[in-house]
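Undergrad:
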Amino acid sequence: MTHSDTAVIRARALEKHFGETHALRGIDIDVPEGRILAVLGPNGAGKTTAVRILATLTLADGGEATGAGVDVRTHPAEVRARIGLTGQFAALDELLTGRENLDMIGRLYHLPGSTVRRRVGELLARFDLEDAADRPVKTYSGGMRRRLDLAGSLVAEPPILFLDEPTTGLDPRSRLGMWQLISELVAGGTTLLLTTQYLEEADRLADQIAVMDHGQVIARGTADELKARVGGERLVVTIARSDQLDAAARAIASLGGEPQVDAPQRHVSIAVNGGDGILTRAVRALDAAGVAVDDAGVRRPTLDDVFLVLTGQHPDADMQAASSVDVRELDEVPA
Amino acid sequence: MTATTRREPAAAGIGTWLSDAWQMVKRNLIHIRRTPELLLDVTISPIMFVLLFSLVFGGAIDVPRDSYINFLMAGIFVQTIAFAGIYTGVLLANDLKNGMIDRFRSLPMSQSSVLTGRTLTDLLRATLAVAIMWLVGMAVGFRPSGGVLGGVGAVGLMLLFGFALSWIGVAMGALVRTPEALQGIIFAAVFPLTFVSSAFVDTATMPDWLEWFANRQPMTLVIDAVRSLTLDGTGGPAAVPAILWSVGILAVCFPLGIWAFNRRTLQ
Numbered sequence: 074m075t076h077s078d079t080a081v082i083r084a085r086a087l088e089k090h091f092g093e094t095h096a097l098r099g100i101d102i103d104v105p106e107g108r109i110l111a112v113l114g115p116n117g118a119g120k121t122t123a124v125r126i127l128a129t130l131t132l133a134d135g136g137e138a139t140g141a142g143v144d145v146r147t148h149p150a151e152v153r154a155r156i157g158l159t160g161q162f163a164a165l166d167e168l169l170t171g172r173e174n175l176d177m178i179g180r181l182y183h184l185p186g187s188t189v190r191r192r193v194g195e196l197l198a199r200f201d202l203e204d205a206a207d208r209p210v211k212t213y214s215g216g217m218r219r220r221l222d223l224a225g226s227l228v229a230e231p232p233i234l235f236l237d238e239p240t241t242g243l244d245p246r247s248r249l250g251m252w253q254l255i256s257e258l259v260a261g262g263t264t265l266l267l268t269t270q271y272l273e274e275a276d277r278l279a280d281q282i283a284v285m286d287h288g289q290v291i292a293r294g295t296a297d298e299l300k301a302r303v304g305g306e307r308l309v310v311t312i313a314r315s316d317q318l319d320a321a322a323r324a325i326a327s328l329g330g331e332p333q334v335d336a337p338q339r340h341v342s343i344a345v346n347g348g349d350g351i352l353t354r355a356v357r358a359l360d361a362a363g364v365a366v367d368d369a370g371v372r373r374p375t376l377d378d379v380f381l382v383l384t385g386q387h388p389d390a391d392m393q394a395a396s397s398v399d400v401r402e403l404d405e406v407p408a
Numbered sequence: 016m017t018a019t020t021r022r023e024p025a026a027a028g029i030g031t032w033l034s035d036a037w038q039m040v041k042r043n044l045i046h047i048r049r050t051p052e053l054l055l056d057v058t059i060s061p062i063m064f065v066l067l068f069s070l071v072f073g074g075a076i077d078v079p080r081d082s083y084i085n086f087l088m089a090g091i092f093v094q095t096i097a098f099a100g101i102y103t104g105v106l107l108a109n110d111l112k113n114g115m116i117d118r119f120r121s122l123p124m125s126q127s128s129v130l131t132g133r134t135l136t137d138l139l140r141a142t143l144a145v146a147i148m149w150l151v152g153m154a155v156g157f158r159p160s161g162g163v164l165g166g167v168g169a170v171g172l173m174l175l176f177g178f179a180l181s182w183i184g185v186a187m188g189a190l191v192r193t194p195e196a197l198q199g200i201i202f203a204a205v206f207p208l209t210f211v212s213s214a215f216v217d218t219a220t221m222p223d224w225l226e227w228f229a230n231r232q233p234m235t236l237v238i239d240a241v242r243s244l245t246l247d248g249t250g251g252p253a254a255v256p257a258i259l260w261s262v263g264i265l266a267v268c269f270p271l272g273i274w275a276f277n278r279r280t281l282q
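Here it is, written out as structure tokens:
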């Protein structure tokens, strides 16, 4: 039914309003068979709304969306038979055990009883939930809930999977475990759309990345293509005091080029084109300007830089502003 | 653009619909087994009502029947059924608050079975409540002389009425924002309706204008029909209007409930 050059998950000009809020302003999405698209963006960018429309949970106000070639608006039941969805908040029954949750989902996919029992057993083993299988979900940890929730989306082995922020709120160890599971899934041929606020997650898991902000896709490409847009390697200096940001930017600009200033992080960065001795010259220029430097180095651009270049702010600007306030408060503590 | 343009369960025949509804009932029954306090409103409360009204108020109230307990039981039955029925909405509102409904909506199941499973479970709860009340009533002097057919007819009518009310609950559960708000509304609406009825007193003792209302509202009609069936073995003049009210409520609130639920969840 689908060719490798046809998108299995496809959206054209999707629009959605919630009252005055314009949640989606005409987005296009294409995920070819067996590929992973990461939709990257800060809170409120419209990622969840896009997933909910593609997964038949929300009706779009405009545009069209298909799953495996089937229109989500006119034939939602046929789309649902082909998709699995793991939402941002674990959609599990707290009073049912892990096994009962999976069993119920399998039967609601109308799988034969024997298939359900086999799949539930396999998934509990694979997701390391066998010991907890017969305990009510309300006794589970956050990581266990996420794993069970993901397992629920996989009971019927759907060819299309939507994961909405699968690792938000997980501790680093559980996050690594989820990444491992997701990588294995897609190795098995599943077409996956995942949303994330974590640049590292998109970089690590996805073939293609769509960067969303304020209801629009503002950039798309592979991680490398996006990084190339910020222009090769970058010199990044972290200065000691926020009030010297301007002086630092002027000093860095004297090396040639247009510096990027990331105020909350106290970073000043500039693209470098294999210039020799750039680091030494930068430190000298900063020293001459009387700017105190905490850290300086040349590194490959990260997706943080991409977001900064595209939108002028960090995807998680609020969080970083908060943490840099903490740092400043600590700095002011008398030694 | 609206919910009606979607072809809902395209592949669902009656078999898959039944199977989906059974999964929902099974889930609700597991809830009851794991949190038995969910049954308090259909066990302890009606027992207390039977005992309080028959032993405390009973001696002070004159009724057109041989004993107050025989008069009272129909009122207690229907009051309990009414509360349990509309309480369906609170349980549904709880489901809507957590992510479970989203999960169900992403599955290729018959979407109306979520609601049907809910209301069928509450029908089972109501049946249990009627059985308990019947026994407790017998223990304090309830003597239903209407025979087996009268008893079966009374229980059937009560459950039909309760099922209809649970669809009012579904519609309200989908329209009201929080389960707590709905509990307030139920209390404010159902309590006056049970007291301004023939549940506990003879409506002829009320002021004329209140009696006029009491005699025409559905609670009184169902209570009178149940009373007549349990004590006399016939439905009496209230039976036909009681059935019409129940079927009418169902005819309006069944589609209204599904519409409100779809509207709420498709946002």
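So the protein lines, in turn, are chains A and B.
Taking this note's numbering, the leading residue of the first sequence gets 74, the next gets one more, and so forth.
Taking this note's numbering, the leading residue of the second sequence gets 16, the next gets one more, and so forth.
For each residue, glycine too, the CB sits at the ideal point set by N, CA and C.
Small disclaimer: the values here were computed from a predicted structure and weren't measured.
Would you say B:Leu208 lies against chain A (beta-carbon separation less than 8 Å)?
TA: It does not; no Cβ of chain A falls within 8 Å.
Undergrad: Assuming A:Thr311 and A:Arg357 form a contact by the criterion Cβ under 8 Å, report the distance between their Cβ atoms to the nearest whole angstrom.
TA: Wrong, their Cβ atoms sit about 17 Å apart, outside the cutoff.
Undergrad: Quick one: which residues of the region 231-252 of chain B get their C-beta closer than 7 Å to a C-beta of chain A? List them in chain order.
TA: Hits within the stretch: zero.
Undergrad: Between which two residues does the beta strand (DSSP E) carrying A:Arg98 extend?
TA: Where A:Arg98 is concerned, the enclosing beta strand (DSSP E) stretches over 94-105.
Undergrad: Where B:Ile59 and B:Gly199 are concerned, what is the direct C-alpha to C-alpha distance, given to the nearest angstrom?
TA: Cα to Cα, the separation comes out at about 21 Å.
Undergrad: Starting from B:Arg133, follow the alpha helix (DSSP H) in both directions and report where the run begins and ends.
TA: Where B:Arg133 is concerned, the enclosing alpha helix (DSSP H) stretches over 127-154.
Undergrad: Can you pull the DSSP bridge partners for A:Arg293?
TA: DSSP lists A:Ala283 as partners of A:Arg293.
Undergrad: Can you name, in chain order, every residue of its own chain whose Cβ lies under 7 Å from the Cβ of B:Val105, other than the five neighbours on each side?
TA: Once the five neighbours on either side are set aside, the close Cβ partners of B:Val105 are Gly188, Pro194, Leu197, Gln198.
Undergrad: Taking just the CA atoms, how far does A:Glu88 sit from A:Arg98?
TA: The alpha-carbon atoms of A:Arg98 and A:Glu88 are separated by roughly 5 Å.
Undergrad: At the 8 Å Cβ level, is A:Thr131 part of the contact set with chain B, yes or no?
TA: With 8 Å as the cut-off, A:Thr131 counts as an interface residue toward chain B.
Undergrad: Quick check on B:Phe202: buried or exposed, where buried means 16 or more other Cβ atoms within 10 Å of its Cβ?
TA: The residue in question, B:Phe202, is exposed, as its Cβ has fewer than 16 Cβ neighbours within 10 Å.
Undergrad: Residue ranges of each alpha helix (DSSP H) run of no fewer than 4 residues wholly in the region 53-111 of chain B, ordered along the chain?
TA: Listed in chain order, they are 59-66.
Undergrad: Between A:Ser226 and A:Leu158, is the Cβ-Cβ spacing less than 8 Å?
TA: Taking 8 Å as the Cβ cut-off, A:Ser226 and A:Leu158 qualify as a contacting pair.
Undergrad: My assumption, with CB atoms under 8 Å, is that B:Arg80 sits in contact with B:Leu246. Please give the rounded CB distance.
TA: Contact flag correct, Cβ pair sits at about 7 Å.
Undergrad: To the nearest angstrom, report how far apart A:Gly136 and A:Asn174 are at their CA atoms.
TA: So the alpha carbons of these two residues sit roughly 35 Å apart.
Undergrad: According to DSSP, is A:Val366 part of a helix, a strand, or is it coil?
TA: Three-state result, A:Val366: strand.
Undergrad: Could you compute how far the alpha carbon of B:Phe215 sits from the alpha carbon of B:Gln232?
TA: The alpha-carbon atoms of B:Phe215 and B:Gln232 are separated by roughly 15 Å.
Undergrad: For A:Thr94, which of A:Ile291, A:Asp134, A:Val303, A:Gly140 has the nearest alpha-carbon?
TA: For the residues A:Ile291, A:Asp134, A:Val303, A:Gly140, the minimum Cα distance to A:Thr94 belongs to A:Asp134.
Undergrad: By DSSP, does A:Ala128 sit in helix, in strand, or in coil?
TA: Of the three classes helix, strand and coil, the one that applies to A:Ala128 here is coil, per DSSP.
Undergrad: Kindly say whether B:Thr50, judged by its beta-carbon, lies nearer than 8 Å to any beta-carbon of chain A.
TA: Yes, contact with chain A.
Undergrad: Taking only beta-carbon atoms, is B:Met5 less than 8 Å away from chain A?
TA: Chain B is shown only over 16 to 282; residue 5 of chain B falls outside these bounds and no answer can be derived.
Undergrad: At a Cβ threshold of 8 Å, is A:Thr75 touching chain B?
TA: Note on A:Thr75: pLDDT 40, under 50, position unreliable in the model; no value is reported.
Undergrad: On the three-state DSSP scale, how would you describe A:Ser342?
TA: In this structure, A:Ser342 counts as strand in the three-state DSSP scheme.
Undergrad: Note down, in chain order, every chain B residue with its Cβ under 9 Å from the Cβ of A:Tyr182.
TA: The answer, in chain order, is Leu122, Pro123, Met124.
Undergrad: Can you confirm whether A:Phe162, when its beta carbon is compared against all beta carbons of chain B, has any partner nearer than 8 Å?
TA: Cβ-Cβ to chain B under 8 Å: yes for A:Phe162.
Undergrad: Got a sec, what are the start and stop residues for the alpha helix (DSSP H) A:His90 sits in?
TA: Run containing A:His90: none in the alpha helix (DSSP H); it sits in the beta strand (DSSP E), 80-91.
Undergrad: Does the beta carbon of A:Arg218 come closer than 8 Å to any beta carbon on chain B?
TA: No, A:Arg218 lies away from the interface with chain B (no Cβ there is under 8 Å from its Cβ).
Undergrad: Tell me, which residues are paired with A:Thr268 by DSSP?
TA: Its beta-bridge partners are A:Val112, A:Asp237.
Undergrad: Give the residues of chain B in contact with A:Arg153, contact being defined as C-beta atoms less than 7 Å apart.
TA: Those are Ser121, Leu122, Pro123, listed as they occur along chain B.
Undergrad: Would you say A:Asp166 faces chain B, with C-beta separation under 8 Å as the test?
TA: A:Asp166 counts as touching chain B.
Undergrad: Applying a beta-carbon distance threshold of less than 7 Å, which residues of chain E neighbour A:Leu169?
TA: This model lacks chain E altogether, as its protein chains are A and B.
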